[in-house]
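Residue numbers (the numbering used here), protein chains in the order written: chain A, 5 to 569; chain B, 5 to 569.
Beneath this line is the structure, given in structure tokens, with notes to follow.
Protein chains: 2
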Amino acid sequence: MNDEEETEPVVRWTVRAGSYHDSVVLMQLQRALAALPGVHDAGVVMATAANRDLLAASDLDAGAEAGPDDLLIVVKAETEDAAREALARVDALLRVRPGGEGGDAQEDRPRSLATALKQLPDARWVLISVPGRYAADVAEDALDHGRNVFLYSDNVPLDREVALKTKARDRGLLVLGPDCGTAVLGGVGFGFANRVRRGPIGLVGASGTGLQAVMSHIHHLGSGISQAIGTGGRDLSAEVGGITAEQSLDLLARDPETRVIVLLGKPPDQEVKDQLMARACSAEKPVVAYFLGAEVPLHEERIGNLWQVSTLDEVAELAVRLTEKAGMVQQETPTSGYVRGLFSGGTLAYEAVLGLRRFVVPIWTNFSTFRKLDDPLRSREHTVLDLGADEFTVGRLHPMIDQDLRLRRLRQEDADPEVGVILLDVVLGDGAHADPAGELAPVIAGARAEVVVVVIGTEDDPQGLAVQIETLERAGAHVFRTVRDALQWIELQVGELPELEKPPELPAVPLATVQAPVAAVNFGLESFQASLAAQGARVVQVDWRPPAGGNEKLASLLARMKRRG
Amino acid sequence: MNDEEETEPVVRWTVRAGSYHDSVVLMQLQRALAALPGVHDAGVVMATAANRDLLAASDLDAGAEAGPDDLLIVVKAETEDAAREALARVDALLRVRPGGEGGDAQEDRPRSLATALKQLPDARWVLISVPGRYAADVAEDALDHGRNVFLYSDNVPLDREVALKTKARDRGLLVLGPDCGTAVLGGVGFGFANRVRRGPIGLVGASGTGLQAVMSHIHHLGSGISQAIGTGGRDLSAEVGGITAEQSLDLLARDPETRVIVLLGKPPDQEVKDQLMARACSAEKPVVAYFLGAEVPLHEERIGNLWQVSTLDEVAELAVRLTEKAGMVQQETPTSGYVRGLFSGGTLAYEAVLGLRRFVVPIWTNFSTFRKLDDPLRSREHTVLDLGADEFTVGRLHPMIDQDLRLRRLRQEDADPEVGVILLDVVLGDGAHADPAGELAPVIAGARAEVVVVVIGTEDDPQGLAVQIETLERAGAHVFRTVRDALQWIELQVGELPELEKPPELPAVPLATVQAPVAAVNFGLESFQASLAAQGARVVQVDWRPPAGGNEKLASLLARMKRRG
């Protein structure tokens, strides 16, 4: 290789020791350096081991001596001169304020929370996105001023989180975070949040993008959200004990705007989970819970007003569906009688039992592997019958052809005052009865119980799908195309509430905390202030600087002095 | 109560001892009796204990002495006279032929299979719906004539089923049933069948209404079926060993019309299941299996070309989806490289790992509870990274705001020739980057690997959902709105096929067996003949009568004489 022909790029660096810089400033510095003439690439990082490895991965390997509290600035340039010129501009670029060119508006920025609150006394919220090592102190100050905290910062020590949340709980305040990326309160998005319709679904989540995925999906499905409350990822741990999640559940249970509650997070500590479940079950509104990756045992898929689902997409879909039926689930005694299934198709009967056992017990049947009736002629409690089973078809046509037996049984079940819902299938197609709906309709029309019918068929079937459905519906039946959909309807009619211990009362977080209009004080990322303002919230940006300008030694000296004083 | 004013209805009965009657005739008799003047209700049943209980449940309690082989006819009438007159008409009504008024067409009906086959020599199928105790003999005769059997009858002894199916398998013939309600062969429905579009999905099922529900749902989703082959409910038992199911899988694997195979039934015997799974995996087309009520372990949700699902509805939905991608799954080496996920949202990364582990191993991550990378800067095999994790964000903005790191990593992954798919999330909304797609697009456009993007957001988000999606798609990304949908796409690209033992070869059932035009001979229910004819198939109805007119003693005497002769 010939040095004269192939110009090797040069990598040069500089270090700014032990001082705080806003992340936005660092990003802007990196971009500005990379855009300079003759510069190929630039890296501006706090010199942690991980960050130095990242630089190396981009061929920005710096031999500089620097520690995790030092700012390391590396450029890769065409020539030695270009690199030197770029690095010479670092200090000037670092003085540029994150907001841009700097201006008059900044002159009157408060330097402390106390001053900010003088400007905006009704600010209920303090947003904090300063570096983690400073964030807990700012949060504590906010709580001491009786304000709620949205704590975006990460790297806050666990013991500080516990202390902050305990203090907040005792005072009826909320601490969302640390490491809380997302909230929508009173219609205003805090941190990262999607613009979604206001609506009846209230979210609580220990998972930021989980909340965003669910709120976006809810919006996409045509519904909307009342509140979305991020708790921070560690809230459901044994140490923190789900303090914020419990407060939020309690708040949403009282919030008249919220008709259905969603609870999201990684699988919690078992004791925390039990506590949250009890709290959720006492909500007197439907609650949909999703714990990532947790397999939901069949018998836990629904407990009273509480549903557990096993994928993120189901969360939004079920929540929206429940908003349509929320009234029913609020009833004190939602059980409206026993379910009796009278099926002509064995597989459909089997599917019905598999689905029903999620929310009613016991279920009796006339087929194997389930609780079997001694006498299939007499139903007990919840019963599902396959009328095509051998005992019903000796010398008799299959019930898909001859419905006589089913019509009689339908009247018999309807005469039982303990029966609330009668579930039938109607299987169309060649070979089947020419007009099953026509034969069923008069009996359904005269029935006291709710009649639910699953119709299996196509518009090309000789009976005519649309006509069959219309005939059944006109007779008053609730018609569905799949067993799953029929059971979802039934579930809302007859789901049973278990007896639950009432969870202990919490100091109430006032509803006003999450109601519009929103007013807030922002420490840290100015983009959060801009975003709140763009959404019509009043917000005051604090011109925050770390104690002693980020010099750790000086800061700890100051802190010691303060404690003594 | 006063007998003079309240007319008590009278219940009267008559018995026809030990003779065979067509079920349709019995149904018609019951209806005719119930319609007579002065008659309230009627029951016409073979006098089994269950049937007598059923009568009693309808207040048609008969004190008559009658056994299970006797026909019991009961009427409930206003007066003694009305009852007597009704019963006097029984014999005349019993002589009416099931088809209706009887006519000339019946004169030349063959009385045996041999004669029927002279009329319709190319009939490949024999439909049998005569009572179970006679059905096996008729079926055996059909096999001996080299014909396939659709055996609707139930109550066929298990040992006869095993013998029939073994004989059929050895000769490359099919026995569908006993107790097989449904088949669609060459576009013609046998027994109970819905009129559905012809299309690329072939069904095999040990569950009749299951087949009907799935075929109707497939039609509803806009797709169609090639064949639907019912096997009878006992086929998957240890005794029968899944003979018909295996033959059918083998047949559909060879059928060029069938691009995706569906296998349905109650959970099979374990050995039978293993056999079927091996057969399914050798099909070189996607197979969707659903065993009612069986919980599917996560690692079995997909094995190579075989998917197991856990609800009936999923069967049709997945099968239709797979038809769109069937070509890919047929490839000899479907693995097109490793998957690398570069997420800004931790929850989305977590969801991605949960979904991916269904079809690829091992997956490395930089977050807990999964296989953790020693060095998050270097991906291994399949890797999913949360770029918002602590090690990537010290002194750096969150990747939802600052994508610099992700852009670099995207280039790094793309440079790895072992990488096939790069999976990203783009989370829109307030607080996030103003144009993430715009920044990603040039890198995606230059990428060698397939890039898949999950976009979370709404059309009201400041970045503009539609614009973001369009920008990404124009750059060549495959864009989805949920992690689930993105993974479904990826699954079809990189799903790994395990090494499988080739199942033993079966005597091939010729493809012509299930191809149009259909010609058949029908024993039993005339409605099945009418239905086949209405669908354009050629069919000959046999004027079948039980041996010795249904007199059991005489029949067994005749059989003994025959054996001796």
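Every residue, glycine too, gets a C-beta built ideally from N, C-alpha and C.
Query                                                                                                                                                                                                        : Result
Just reading off the beta strand (DSSP E) that A/Asp57 is part of, what are its end residues?                                                                                                                : Here A/Asp57 belongs to no beta strand (DSSP E); instead the alpha helix (DSSP H) covers 53-61.
Give a yes or no on whether 9 Å exceeds the smallest Cβ distance from A/Ala520 to chain B.                                                                                                                   : no
Could you tell me which uninterrupted alpha helix (DSSP H) segments, each at least 4 residues in length, are contained entirely in the region 147-178 of chain A, listed from first to last along the chain? : 162-174
Is it true that the CB of A/Thr235 sits closer than 9 Å to the CB of A/Cys184?                                                                                                                               : yes
Express the C-alpha separation of A/Thr11 and A/Met5 in angstroms, rounding to a whole number.                                                                                                               : Only weak support exists for where A/Met5 lies, its pLDDT of 44 falling under 50; the coordinates are left without a value.
Under 9 Å between the Cβ atoms of B/Gly435 and B/Gly392?                                                                                                                                                     : no
Does any C-beta atom of chain B lie closer than 9 Å to the C-beta of A/Asn526?                                                                                                                               : no
Counting along the chain, where does the beta strand (DSSP E) carrying B/Pro204 start and finish?                                                                                                            : 202-209
Whose C-beta lies closer than 6 Å to the C-beta of B/Ala541 among residues of the same chain, with five residues either side of it excluded?                                                                 : Val192, Val522
I need the DSSP call for B/Tyr24, collapsed to helix, strand or coil.                                                                                                                                        : coil
How would you write the range of the alpha helix (DSSP H) that A/Ser220 sits in, first residue to last?                                                                                                      : 212-224
How should A/Glu474 be labelled, buried or exposed, when 16 other C-beta atoms within 10 angstroms of its C-beta is the threshold for buried?                                                                : exposed
Identify the continuous beta strand (DSSP E) that holds B/Thr186 and give its terminal residues.                                                                                                             : 186-189
B/Thr486 touches chain A at which residues, Cβ-Cβ below 8 Å?                                                                                                                                                 : Ala217, His221, Leu316, Asp317
Would B/Ser372 be called buried (16 or more neighbouring beta carbons within 10 Å of its own) or exposed?                                                                                                    : exposed
Strictly below 7 Å CB to CB, what residues from chain B border A/Gln539?                                                                                                                                     : Asp434
Measure the Cβ-Cβ separation of B/Arg485 and B/Glu355 and say whether it is below 9 Å.                                                                                                                       : no
Got a sec? Which residues, its chain only, sit under 7 Å from B/Val244 by beta carbon, not counting five neighbours each side?                                                                               : Glu165, Val166, Lys169, Arg238
Quick check on DSSP: helix, strand or coil for B/Gly269?                                                                                                                                                     : strand
From A/Gly214 to B/Thr351, what does the alpha carbon distance come to, in whole angstroms?                                                                                                                  : 5 Å
Are the C-beta of A/Pro72 and some C-beta of chain B separated by less than 9 Å?                                                                                                                             : yes
Compare the C-beta of A/Gln575 against all C-beta atoms of chain B and say whether one is closer than 9 Å.                                                                                                   : Residue 575 of chain A cannot be examined here, being either before or after the span of chain A that is shown, 5 to 569.
Excluding sequence positions up to five away, which residues of its chain have a Cβ less than 6 Å from the Cβ of B/Arg283?                                                                                   : Glu250, Leu253, Pro507
Can you tell me whether A/Leu558 is buried or exposed, with buried defined as 16 or more other CB within 10 angstroms of its CB?                                                                             : exposed
Taking 9 Å as the cut-off, decide whether the C-beta atoms of A/Gly528 and A/Ile132 are in contact.                                                                                                          : yes
Look at the alpha carbon of B/Gln279 and the alpha carbon of A/Ile367, and state the distance between them as a whole number of angstroms.                                                                   : 33 Å
Beta-carbon within less than 8 Å of B/Ala516's beta-carbon, same chain only, minus the 5 sequence neighbours each way: which residues are those?                                                             : Arg128
Mind checking B/Ala21: buried by the 16 CB within 10 Å criterion, or exposed?                                                                                                                                : exposed
Taking the alpha carbon of B/Ala39 as the reference point, which residue from B/Leu97, B/Arg410, B/Gly228, B/Leu476 has its own alpha carbon closest?                                                        : B/Leu97
Taking Cβ-Cβ distances below 7 Å as the criterion, which residues of the region 50-80 of chain A are in contact with chain B?                                                                                : Met50, Thr52, Ala54, Asn55, Asp57, Leu58, Ala61, Ser62
Measuring CA to CA, which of B/Gly269, B/Leu536, B/Gly209, B/Gly468 is closest to B/Gln520?                                                                                                                  : Correcting the residue identity first, residue 520 of chain B is Ala in this sequence and not Gln. Cα-wise, what sits closest to B/Ala520 is B/Leu536.
When the Cα of A/Gly71 is compared with those of A/Ala441, A/Gly461, A/Arg56, which residue comes out closest?                                                                                               : A/Arg56
Is the CB-CB distance between B/His437 and B/Glu321 below 9 Å?                                                                                                                                               : no
Measure the CB-CB distance between A/Val457 and A/Leu428 and report whether it falls below 9 Å.                                                                                                              : yes
Between B/Gln401 and chain A, is the shortest Cβ-Cβ distance under 9 Å, so that the two count as touching?                                                                                                   : Inspection of the sequence shows that residue 401 of chain B is occupied by Leu rather than by Gln. Yes - at least one Cβ of chain A is within 9 Å of the one on B/Leu401.
Are the Cβ atoms of B/Tyr138 and B/Ser116 separated by less than 9 Å?                                                                                                                                        : no
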